[in-house]
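Residue 182 in the numbering used here sits at position 69 of the sequence shown, with consecutive numbering throughout.
All C-beta atoms in this analysis are idealised placements derived from N, C-alpha and C, irrespective of residue type, glycine included.
Worksheet for the structure shown next.
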Amino acid sequence: MGLEVVEIRRYTEEFRAEWDSLVEVSINGTFLHKRDFMEYHGERFGDYSLLALAAGKLVAVLPAETENGKVFSHRGLSYGGWVFGLGIDGEMVRAVVLEGFNFLKEGGFESLYIRSIPAFYFTEHFLAVQAIYRQFGIKTASKTFQTIVPPFTWKDKGRRWGLHKAQRSGMQVSNDSRYLEDFWDKVLSPNLRQLHQVKPVHSLAEMQTLMVRFPNEIKLYTAVMEGEPLAGVLVFCTKRGIHAQYIANGPKGRQLRALDLLMHHLMFGAYADMPFLSLGISNEPSTGEINRGLYAWKQSLGAIDFEEWDYEFRLQETPIKARFT
Numbered sequence: 114m115g116l117e118v119v120e121i122r123r124y125t126e127e128f129r130a131e132w133d134s135l136v137e138v139s140i141n142g143t144f145l146h147k148r149d150f151m152e153y154h155g156e157r158f159g160d161y162s163l164l165a166l167a168a169g170k171l172v173a174v175l176p177a178e179t180e181n182g183k184v185f186s187h188r189g190l191s192y193g194g195w196v197f198g199l200g201i202d203g204e205m206v207r208a209v210v211l212e213g214f215n216f217l218k219e220g221g222f223e224s225l226y227i228r229s230i231p232a233f234y235f236t237e238h239f240l241a242v243q244a245i246y247r248q249f250g251i252k253t254a255s256k257t258f259q260t261i262v263p264p265f266t267w268k269d270k271g272r273r274w275g276l277h278k279a280q281r282s283g284m285q286v287s288n289d290s291r292y293l294e295d296f297w298d299k300v301l302s303p304n305l306r307q308l309h310q311v312k313p314v315h316s317l318a319e320m321q322t323l324m325v326r327f328p329n330e331i332k333l334y335t336a337v338m339e340g341e342p343l344a345g346v347l348v349f350c351t352k353r354g355i356h357a358q359y360i361a362n363g364p365k366g367r368q369l370r371a372l373d374l375l376m377h378h379l380m381f382g383a384y385a386d387m388p389f390l391s392l393g394i395s396n397e398p399s400t401g402e403i404n405r406g407l408y409a410w411k412q413s414l415g416a417i418d419f420e421e422w423d424y425e426f427r428l429q430e431t432p433i434k435a436r437f438t
């Protein structure tokens, strides 16, 4: 794709099908960027998503919302920024991002904030996107994603010992979503409240809605004994890899090492052929500091670090030229 003139527009409902189709085959998007996922928040965010078109064809989308003269790459999503379609080249990537800046600047917006999509979700052009964000943006926060990449292996003796203990206990791994409510109310929520003084990002009702909308992408795995979930992992499945959105262990689950059984099942059974397993970040929600215990646990599973940044673009202060005419 050459240097066609890039046109930026605000998203409208008539582009819904095209938006989702682009995300489906994009070089860096996941189902989190589809409209049904973004809009489960209802009216909590004021949508200001953008479309980028070249020669009348949709080539990129920006999931976004606005508040008080600022635009955000949708704070209801774990990561964001521009999502690019297939066949786009590096020059077009740059043109899209810069024209997006111009569009928002001319619209009178003060700033754009982007939570970058991690490198392991890109199939190409990550360095091009990263370079332009760094050129025009101000780094505001660093996040380190702990991610496991093949070949999956457990070198940690404690994990192997825990797996054998869990297997001897007689507990079983279930992929039945009927355990969601018990997991949410009896394992996940108490765990987050006790360890981090927070609630799950999603409410139970929101997660139930999302699982209905995305039955093939959102899966619950629980370690069950006598009909009771002792631990659980909620898995977000993408084409490029899987992400463990919620990982939680109840008191009995910790005693019997239920998470060792679950993580072994995910890594060496259900998703053994996937390119990666992302375990998310290990930052404390209140301070941003690394939770060393959580970080060490992820490392014991074989996780390695991928650093990514949030960026602020001060639109009115930055001269941005991009128009290829």
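*In terms of alpha-carbon separation, which member of T236, R228, L392 lies closest to L414?*
On the sequence shown, residue 414 is found 301 positions in, with the first residue counted as 1. For the options T236, R228, L392, the alpha carbon positioned closest to that of L414 is the one of L392.
_Taking its Cβ as the centre, do 16 or more other Cβ atoms sit within 10 Å of P176, making it buried, or is it exposed?_
Here residue 176 refers to the residue found at position 63 of the sequence shown. Buried, because 16 or more other Cβ atoms sit within 10 Å of the Cβ of P176.
*Using 10 angstroms around the beta-carbon of T260, count the other beta-carbons present and answer buried if the total reaches 16, otherwise exposed.*
One-based indexing of the sequence shown puts residue 260 at position 147. Around the CB of T260, 16 or more other CB atoms lie within 10 Å, so the residue is classed as buried.
*Cα separation between T253 and M338?*
As a working note, residue 253 is residue 140 in the sequence shown. As a working note, residue 338 is residue 225 in the sequence shown. C-alpha separation (whole angstroms): 45 Å.
*Rank F296, G283, F249, S162 by C-alpha distance to the C-alpha of L347 and give the top, closest one.*
Translated into positions along the sequence shown, residue 347 becomes position 234. Of F296, G283, F249, S162, the residue nearest in Cα terms is F296.
*Relative to the C-alpha of A279, which residue among P264, R370, V136 is closest?*
Start at 1 with the first residue of the sequence shown, and residue 279 comes out as number 166. Checked all of P264, R370, V136; the closest Cα to A279 is R370.
*Taking DSSP as the reference, what is the three-state secondary structure of Q358?*
Here residue 358 refers to the residue found at position 245 when the sequence shown is read from its first residue. In this structure, Q358 counts as strand in the three-state DSSP scheme.
*Determine the DSSP secondary structure at F185, reduced to helix, strand or coil.*
On the sequence shown, position 72 is the one that residue 185 refers to. Here F185 carries a strand assignment [DSSP, helix/strand/coil].
_Quick check on R353: does DSSP put it in helix, strand or coil?_
On the sequence shown, position 240 is the one that residue 353 refers to. Secondary structure of R353 (DSSP, three-state): coil.
*For T179, name the three-state secondary structure that DSSP assigns.*
As a working note, residue 179 is residue 66 in the sequence shown. Of the three classes helix, strand and coil, the one that applies to T179 here is strand, per DSSP.
*Nearest to H378 by alpha carbon, out of H277, L211, K183?*
As a first step, residue 378 is located in the sequence shown; it is residue number 265 there, counting from the start. Nearest Cα to H378 within the set H277, L211, K183: H277.
*From F216 to V196, what distance separates their C-alpha atoms?*
Here residue 216 is taken as the residue at index 103 of the sequence shown, counted from 1. Here residue 196 is taken as the residue at index 83 of the sequence shown, counted from 1. Cα to Cα, the separation comes out at about 17 Å.
*Have a look at K147 and G354 and give me their C-alpha separation to the nearest angstrom.*
Residue 147 sits at position 34 when you count from the first residue of the sequence shown. Residue 354 sits at position 241 when you count from the first residue of the sequence shown. Whole-angstrom Cα-Cα distance: 17 Å.
*Considering only residues of the same chain and omitting the five flanking positions on each side of K365, which have a CB-CB separation below 7 Å?*
Counted from its first residue, the sequence shown places residue 365 at position 252. Around K365: L343.
*Apply the 10 Å Cβ neighbour rule to V172 and answer buried if 16 or more other Cβ atoms are within range, or exposed otherwise.*
Here residue 172 is taken as the residue at index 59 of the sequence shown, counted from 1. The residue is buried, with at least 16 neighbouring Cβ atoms inside 10 Å.
*By a C-beta neighbour count over all protein chains shown, 10 Å radius and 16 as the cutoff for buried, is P303 buried or exposed?*
Taking the sequence shown and counting its residues from 1, one reaches residue 303 at position 190. P303 should be labelled exposed.
*Roughly how far, in whole angstroms, is the beta-carbon of I394 from the beta-carbon of K256, given that I think they are within contact range, below 8 Å?*
Position 281 of the sequence shown, counted from the start, is the residue given in the question as residue 394. Position 143 of the sequence shown, counted from the start, is the residue given in the question as residue 256. So it is a contact: roughly 5 Å between Cβ atoms.
*Can you check the segment 259-301 for any beta strand (DSSP E) of at least 3 residues that lies completely inside it and give the ranges in chain order?*
Fully contained in the segment 259-301 are the following beta strand (DSSP E) runs of length 3 or more, in chain order: 285-287.
*Taking Cβ to Cβ, would you say T179 is nearer than 7 Å to Y161?*
Residue mapping note: residue 179 aligns to position 66 of the sequence shown, counting from 1. Residue mapping note: residue 161 aligns to position 48 of the sequence shown, counting from 1. For T179 and Y161, yes; Cβs fall inside 7 Å.
*Taking only the alpha-carbon atoms, compute the straight-line gap between G194 and V174 and give it to the nearest angstrom.*
Reading the sequence shown from its first residue, position 81 is the one you call residue 194. Reading the sequence shown from its first residue, position 61 is the one you call residue 174. Going from the Cα of G194 to the Cα of V174 covers about 9 Å.
*Please report how far the alpha carbon of Y450 lies from the alpha carbon of R273, in whole angstroms.*
In this structure the chain extends from 114 to 438, so residue 450 is not present and cannot be described.
_When P264, Y226, P263, F258 are compared against R247, the one with the closest alpha-carbon_ = Counted from its first residue, the sequence shown places residue 247 at position 134. That would be Y226, whose Cα lies nearest to the Cα of R247.
*Please classify A318: is it buried, with 16 or more other beta-carbons within 10 angstroms of its beta-carbon, or exposed?*
Numbered from 1 along the sequence shown, position 205 holds the residue referred to as residue 318. Per the 10 Å Cβ criterion, exposed.
_Could you tell me the alpha carbon to alpha carbon distance between Q358 and A241, rounded to whole angstroms?_
Position 245 of the sequence shown, counted from the start, is the residue given in the question as residue 358. Position 128 of the sequence shown, counted from the start, is the residue given in the question as residue 241. Per the coordinates, the alpha-carbon of Q358 lies some 28 Å from the alpha-carbon of A241.
*Out of curiosity, what's the CA-to-CA distance linking A167 and T143?*
Looking up residue 167 in the sequence shown gives position 54. Looking up residue 143 in the sequence shown gives position 30. Distance from the CA atom of A167 to the CA atom of T143, rounded to whole angstroms, is 22 Å.
_Inter-residue CB distance, F419 and S224 (contact presumed, cutoff 8 Å)_ = Sequence index remark: in the sequence shown, residue 419 carries index 306 (1-based). Sequence index remark: in the sequence shown, residue 224 carries index 111 (1-based). So it is not a contact: roughly 26 Å between Cβ atoms.
*Residues that DSSP places opposite T335 in a beta bridge*: As a position in the sequence shown, residue 335 is number 222, starting the count at 1. Partner(s): S287, G345.
*Can you name the residues that DSSP bridges to F419?*
As a first step, residue 419 is located in the sequence shown; it is residue number 306 there, counting from the start. Under DSSP, F419 forms a beta bridge with F258.
*Residue range of the alpha helix (DSSP H) that A371 falls in?*
For the purposes of this step, residue 371 is identified with residue 258 of the sequence shown, where counting begins at 1. Start and end: 371-378.
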